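Protein chains in written order, with the working numbering: chain A, 1 to 113; chain B, 1 to 86; chain C, 1 to 164; chain D, 1 to 84. The structure appears right after this line, and notes come after that.
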Amino acid sequence: MAVFGGIVTLIGSVFLLLGALGIVRMPDVYNRMQAGTKATTLGTLLFLTGIAIGQIECMCIFRILILILFIIFTNPISSHALARAAHHIGIPLTDKSVTDALADDESEKEGAV
Amino acid sequence: MADILYNTSAVIALIAIVLAGYRSLKGPNVADRVVALDVMTIISISLIVYVAALAQRIIYLDVAMVYALISFIGVIAIARYLERGL
Amino acid sequence: MKIFKQRILLLLFLMLFWVLLTSLDRQELIAGGVIVILLTLVFFRRAAVFSDFQITLKSLIYSIAYIFVFLAALVRSNLDIAFRVLNPKLPINPGIVKVKTSLNSKTGRLILANSITLTPGTLTVETKGDYYYIHWIDVSTQDVEQASHEIVSKFEKYLEVMFG
Amino acid sequence: MINVIIIVLGILMIASAFMAIYMRSLLSSIIAAGVISLLASIIYLLLAAPDVAMMEAAIGSGLTTVVFLYALSKVKNSGEDNHG
């Protein structure tokens with residue numbers, strides 16, 4: 001049982017490492033946010049689950065469960081708020097970008113007013 | 001065997017925290033730094049839970065919970081400041 | 001009747017949260033929690049969490065199925081991100097596209113936006129009215145209808161039954 | 001194992017402290033101070049002081065950041081740029 005928990009924890013930590021690597025390698029802030037949010041959410045979920053499996057005799061399952069639920073609910077919200085703020089203060093997308101519908105719509109509205 | 005697996009994953013999470021810290025120190029503008037801070041927070045929550053399992057004390061999990069709550073509020077405050085001032 | 005349903009749902013949600021926070025072996029804490037939650041329900045009339053959840057058998061089945069759909073999408077998005085990051089050429093084709101949703105309830109829209117953020121290659125940037133602006137890491141179409149079909153519709157099918 | 005974690009986090013903390021001093025924009029300095037407080041909280045926890053770690057997390061990472069941001073938004077008219 002403990003070995004199985006250890007394997008799950010190891011997979012989770014590999015996803016955490018991939019998230020940090022994505023933060024370093026991606027070219028602009030929106031792509032960094034994508035890599036960071038997704039990889040760290042699943043990585044933390046697997047990491048905590050593995051530790052809960054390994055420590056099954058202590059009564060800490062409930063707290064780890066509430067921690068996992070909390071992270072799943074709040075991580076996308078903070079990422080969304082940051083992306084919105086970054087687009088609002090005008091941080092540009094990378095040169096490889098194809099389209100930017102939000103900037104198009106905003107400039108249209110300002111032109112109409 | 002299980003101890004080796006747990007310690008290896010802690011070392012990998014430590015490498016991840018160092019990489020995110022590199023981006024937080026280097027990042028070209030403010031939003032990059034805040035994203036790196038967010039990722040560092042989530043990884044350090046995992047590290048805190050690992051330390052709790054290592055020391056066999058339940059109260060360490062409370063620290064992780066308080067940390068998740070407070071850092072969420074901090075990131076929201078920074079985003080709101082960037083958008084229109086606090 | 002609607003107020004009554006809201007109160008019951010809020011009571012169940014807060015009770016679940018409290019029981020998870022203090023584990024099950026302390027009876028006095030659970031009794032105190034029940035009293036505090038009832039006082040909250042009396043004094044804060046406008047407090048509503050998940051107030052527009054439909055209580056039917058079909059909706060319960062769909063919400064359990066939704067959890068599995070969501071977890072499968074999460075795993076798939078992580079594998080996708082892993083391949084993109086580990087590839088030395090960094091194959092990305094990003095852009096912000098606009099999609100339309102047909103959900104009406106606020107909670108349903110919140111859960112839909114969170115699910116979009118955690119599924120393969122998409123990130124919600126802004127919501128305005130019925131439209132979501134989504135940063136897509138691999139843009140394949142710029143049309144509103146087609147993008148809605150590719151990103152939104154697989155979750156919307158479940159959320160429409162759950163939240164109306 | 002514990003010693004390795006403490007040494008690595010301490011080195012990262014010192015680098016972040018230098019960046020907090022030498023950064024040109026004030027907002028980046030505030031974020032670097034948040035990083036310092038995060039790492040200090042983990043180090044307190046590793047040194048077996050959970051109550052101090054909880055206080056450090058609540059005050060250093062939450063309250064100080066918000067108060068600094070409030071002060072910065074009060075003095076924002078002095079020509080400081082958001083970006084950078």
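Here a beta-carbon is modelled for each residue, glycine too, at the ideal position from N, C-alpha and C. If you're wondering where the values come from, they're calculated on a predicted model, not measured in any experiment.
{"Query": "Run of the alpha helix (DSSP H) containing T41 of chain B, from where it starts to where it stops", "Result": "30-55"}
{"Query": "Cβ-Cβ distance between A35 of chain A and L45 of chain A below 9 Å", "Result": "no"}
{"Query": "Whole-Å CB distance - V66 of chain B paired with M54 of chain D, under 8 Å assumed", "Result": "5 Å"}
{"Query": "Ranges of the alpha helix (DSSP H) found wholly within the stretch 52-78 of chain D, counting only runs of at least 4", "Result": "64-74"}
{"Query": "Contact list for S71 of chain B against chain G, beta-carbon separation under 9 Å", "Result": "This model lacks chain G altogether, as its protein chains are A, B, C and D."}
{"Query": "Identity of the residues DSSP links to D100 of chain A by a beta bridge", "Result": "C:I96"}
{"Query": "Closer than 9 Å to chain A by CB, L103 of chain C", "Result": "no"}
{"Query": "Exposure of G68 of chain C, with buried meaning 16 or more beta-carbon neighbours within 10 Å", "Result": "Going by the sequence as given, residue 68 of chain C is Phe instead of Gly. F68 of chain C comes out exposed."}
{"Query": "Any 3 or more C-beta pairs closer than 8 Å across the stretch 153-164 of chain C and the stretch 24-41 of chain D", "Result": "no"}
{"Query": "Reduced DSSP category for V36 of chain C - H, G, I as helix; E, B as strand; rest coil", "Result": "helix"}
{"Query": "Sequence-distant residues of the same chain with beta carbon closer than 8 Å to G84 of chain D, five excluded per side", "Result": "With a pLDDT of 44 at G84 of chain D, under the threshold of 50, the modelled position of this residue cannot be trusted; read the value that follows with caution. Excluding sequence neighbours, G84 of chain D sits near R24, S25, S28."}
{"Query": "Per-residue burial, P120 of chain C [other beta carbons within 10 Å of its own, 16 or more giving buried]", "Result": "buried"}
{"Query": "Proximal residues, the stretch 62-79 of chain A versus chain C, C-beta separation under 9 Å", "Result": "F62, R63, L65, I66, L69, I72, F73, N75, P76, I77, S79"}
{"Query": "Nearest residue (CA-CA) to V8 of chain A, options A:K38, A:L69, A:Q55", "Result": "A:Q55"}
{"Query": "DSSP-derived helix/strand/coil call for V8 of chain A", "Result": "helix"}
{"Query": "Proximity test, Cβ basis, 9 Å: A55 of chain B and chain A", "Result": "no"}
{"Query": "Whole-number beta carbon distance between Q146 of chain C and T99 of chain A, since they are thought to touch under 8 Å", "Result": "In fact, because the Cβ distance is near 13 Å, the residues do not count as touching under 8 Å."}
{"Query": "Below-9 Å beta-carbon distance, R23 of chain B vs any chain D residue", "Result": "no"}
{"Query": "I64 of chain A beta carbon less than 9 Å from that of I51 of chain A", "Result": "yes"}
{"Query": "Span of the alpha helix (DSSP H), counted from its first residue to its last, around K106 of chain C", "Result": "106-117"}
{"Query": "Presumed contact (8 Å Cβ cut-off) between G19 of chain A and A31 of chain B, rounded CB distance", "Result": "In fact, because the Cβ distance is near 17 Å, the residues do not count as touching under 8 Å."}
{"Query": "Proximity below 9 Å, CB of A13 of chain B to CB of S24 of chain B", "Result": "no"}
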